[in-house]
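Under this note's numbering, read the sequence shown as residues 5 to 165, first letter to last.
Data block below; observations after.
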Amino acid sequence: MTRSHIPTTTVRFTRRSAIGAFAATMAIANISPWAVSQSRSEQGNGGRPMKHYAMSTRTISDAVNTGGLLVVAEWEAKEGQADKVAAILDSFLPEAQKDPGAKLFLIGRGKDNPAQFLFYELFQDEAALKAHQDSDYFKTYIAGQALPLLAKRERAQYVLI
């Protein structure tokens, strides 16, 4: 069987350290989880709340207990485009959360720099990530609408252990 080799950054995390790494990344980057609760997202920074939760009935522990492929992405919107990107992500997030291969999908927005966005996505495997990227909702919202509004987009993949 031939395997395609696409260079990615691979780091091994335990389930517990994956949750800790996410929390530390959010704290260091001063980014608050976008989809926590309406009242929390409205506090302090005057930002508008996300309409959707990051997960429906699953907990983070449930999501990471069976491993998977973790994708962490950081975006920065072009000047004056951050609110447009946020509106696109408002429409994108519920679709991504319904994706059967997505075990966890969180999006954060910078508290000090609202043009920054942090994605923390856990997929069942590489096939689930590919299906996500090939989906109509990804092509419409991300590839078609959001990416042209970005000044920066970085991604890294991690394997949970």
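Cβ coordinates follow ideal geometry from the N, Cα and C atoms, glycine included.
As the structure is a prediction and not an experimental result, all values here were calculated from the model.
How would you call Ala-143, buried or exposed, if buried means at least 16 neighbouring beta carbons within 10 angstroms?
Position 139 of the sequence shown, counted from the first residue, corresponds to residue 143. With the sequence shown as reference, residue 143 is identified as Lys, and Ala is not the correct amino acid for it. Exposed, because fewer than 16 other Cβ atoms sit within 10 Å of the Cβ of Lys-143.
Considering Lys-88, what are the terminal residues of the alpha helix (DSSP H) in which it resides?
If you number the sequence shown from 1, residue 88 lands on position 84. Element bounds for Lys-88: 86 to 102.
Residue burial classification, Glu-158 (beta-carbon count within 10 angstroms, cutoff 16):
Here residue 158 corresponds to residue number 154 of the sequence shown, with the count starting at 1. Counting Cβ neighbours within 10 Å, Glu-158 comes out exposed, since fewer than 16 surround it.
What span of residues does the beta strand (DSSP E) with Lys-156 cover, start to end?
Numbered from 1 along the sequence shown, position 152 holds the residue referred to as residue 156. Lys-156 -> beta strand (DSSP E) spans 154 to 164.
Short Cβ contact (8 Å threshold) for Phe-109 with Ala-77:
Here residue 109 corresponds to residue number 105 of the sequence shown, with the count starting at 1. Here residue 77 corresponds to residue number 73 of the sequence shown, with the count starting at 1. Cβ distance not < 8 Å, so Phe-109 and Ala-77 don't count as in contact.
Of the residues Leu-151, Val-75, Phe-127, Ala-132, the one placed nearest Leu-93, counting alpha carbons only:
Taking the first residue of the sequence shown as 1, we reach residue 93 at position 89. Ranking Leu-151, Val-75, Phe-127, Ala-132 by Cα distance to Leu-93 puts Leu-151 first.
Unbroken alpha helix (DSSP H) run spanning Glu-83, endpoints
What you label residue 83 is simply residue 79 of the sequence shown in a count that begins at 1. It is not in any alpha helix (DSSP H) - Glu-83 carries neither H nor E in the DSSP assignment.
Assign Gln-137 to one of three DSSP states: helix, strand, or coil.
On the sequence shown, residue 137 is found 133 positions in, with the first residue counted as 1. Looking at Gln-137 - three-state DSSP - the assignment turns out to be helix.
Do Gly-71 and Leu-133 have their C-beta atoms closer together than 8 Å?
Position 67 of the sequence shown, counted from the first residue, corresponds to residue 71. Position 129 of the sequence shown, counted from the first residue, corresponds to residue 133. Not closer than 8 Å, so no.
For a test of the three-state rule: what should DSSP assign to Gln-1, helix, strand or coil?
This structure does not reach residue 1, given that the chain is present from 5 up to 165, and the question cannot be answered.
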